[in-house]
Amino acid sequence: MCLMTTGGTIGSIYDPTVDSLRPGLSVEKLLQSLPPGLKSVRVVTREIFEVDSANAQPHHWQEIASAIQQVHNEMPDLDGIVVTHGTDTMVYSASAVSFMVRDFGKPVVFTGAQIPLHVPWSDGPRNLLDAIRVAAFADLAETCIVFNGEIHRPTRTKKMRSDAYDAYDSVDPSPLGVLGRDIVLFDWHRTRHNLVPKFDTRIDDRVFLLKIFPGLPPAILSRIINMGYHGIVMEGFGTGNIPTMENSLTGAIQQAIAQGCAVVISSQCVFGRTDLSLYAVGRAALDAGAMSAYDMTSEAALVKLAWVLGHTHDLDQVREMMTTNFVGEIPHIGRESLGSELGL
Ligand code: ASP
7 MCLMTTGGTI
17 GSIYDPTVDS
27 LRPGLSVEKL
37 LQSLPPGLKS
47 VRVVTREIFE
57 VDSANAQPHH
67 WQEIASAIQQ
77 VHNEMPDLDG
87 IVVTHGTDTM
97 VYSASAVSFM
107 VRDFGKPVVF
117 TGAQIPLHVP
127 WSDGPRNLLD
137 AIRVAAFADL
147 AETCIVFNGE
157 IHRPTRTKKM
167 RSDAYDAYDS
177 VDPSPLGVLG
187 RDIVLFDWHR
197 TRHNLVPKFD
207 TRIDDRVFLL
217 KIFPGLPPAI
227 LSRIINMGYH
237 GIVMEGFGTG
247 NIPTMENSLT
257 GAIQQAIAQG
267 CAVVISSQCV
277 FGRTDLSLYA
287 VGRAALDAGA
297 MSAYDMTSEA
307 ALVKLAWVLG
317 HTHDLDQVRE
327 MMTTNFVGEI
337 PHIGRESLGS
347 ELGL
């Protein structure tokens, strides 16, 4: 298997000059934290970049996906890939890689740590070991996050805790699996296969994530569009509801769409999904031309919108792709992927 490093707490050291943590551990040091019995697993290494994931940008997502493609071309027989990454924006990067690397046939496992390796009770060694175990042995063909003994699908995952070992929760359905004496994988995971992988890193990073709050001035939308954005994910209330009376957003949404900007409504709730037809204040968004994020977290909807807009700016096609379940991001929509029909 291949171990790729990108920085984050798992690869951080204490820097006395700034009296805080910053990335700086070599991949060799990471490997030294693993038990000697692991020698039976052959590990090749790649240092992709070294940043605190708060500094990760959309081009970093592309760099990780391109590195995976390159390693696959050089060593197509690898059992799987582990990517160490900061926990702060891991769901964004791992979700992006989910869309950029499809039908890979084996696991791409993101992992990291809440506590750096030099601290004796760091979760880094265990998470790294678990990630290597999944990459090498699990019958899983998905990009996933392995953390605190759980295997998550990135597009259905949120960072819920900033300091506990269990940083992540899967939000409907439950995790893809758990690690114990065995690797237990639940029904909805995709098993290893031999399809030809699809690598497609095209994105349009002019996408904006806007949280709706009581009092939000609707004029903000035209400001965002005037800054050159092509897509906006708006986090609505509850099932995706928006203000329609004072400070109504409907006119601004209509105007945004008329200017060619895609508008997707997600939910501020962690659990449950967007259902714009439930309330009049949701249907108003639908009638104004907004799309529903359905099950997608706001993070997944934002990353997917960037990826979709990297392929087309035609709003009908954007809608078609946003409502297509490519990698399990909208499991309840129950439609076959249209990716191949769209030539993707
Ligand atoms: N700030 C760190 C990062 O995301 C936090 C971590 O890795 O846990 O890179």
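Basically the numbering used here = 1-based index in the sequence shown + 6.
Just so it is clear, CB atoms sit at the ideal spot from N, CA and C, and this is done for glycine as well.
{"query": "Any non-hydrogen atom of ligand 1 closer than 8 Å to T15 Cβ", "result": "yes"}
{"query": "C-beta contact flag for T256 and A312 at 9 Å", "result": "no"}
{"query": "Straight-line gap, R325 to R212 (C-alpha atoms, nearest Å)", "result": "17 Å"}
{"query": "Exposure label - M327; buried when at least 16 CB within 10 Å", "result": "buried"}
{"query": "Where V57 falls: helix, strand or coil (DSSP)", "result": "strand"}
{"query": "Spatially closest choice to V103 from V115, G266, T93, G92, by CA coordinates", "result": "V115"}
{"query": "Three-pair Cβ contact test at 8 Å for the stretch 72-90 versus the stretch 166-174", "result": "no"}
{"query": "Backbone secondary structure at E305 - three-state DSSP", "result": "helix"}
{"query": "Counterpart residues of H158 in DSSP-defined beta bridges", "result": "I151"}
{"query": "Beta-carbon proximity of V107 to A71, cut-off 9 Å", "result": "yes"}
{"query": "Touching by the beta-carbon criterion (3+ pairs, under 8 Å), the stretch 298-309 and the stretch 276-288", "result": "yes"}
{"query": "Three-state secondary structure (DSSP) of E241", "result": "strand"}
{"query": "I29 beta carbon near ligand 1 (any heavy atom closer than 8 Å)", "result": "Note that residue 29 is Pro in the sequence shown, not Ile. Because some heavy atom of ligand 1 lies under 8 Å away, the Cβ of P29 counts as near it: yes."}
{"query": "Inter-residue Cα distance where the pair is A144 and F55", "result": "27 Å"}
{"query": "Backbone CA spacing between G92 and S101 [nearest angstrom]", "result": "14 Å"}
{"query": "N-terminal and C-terminal residue of the beta strand (DSSP E) that V115 is part of", "result": "114-117"}
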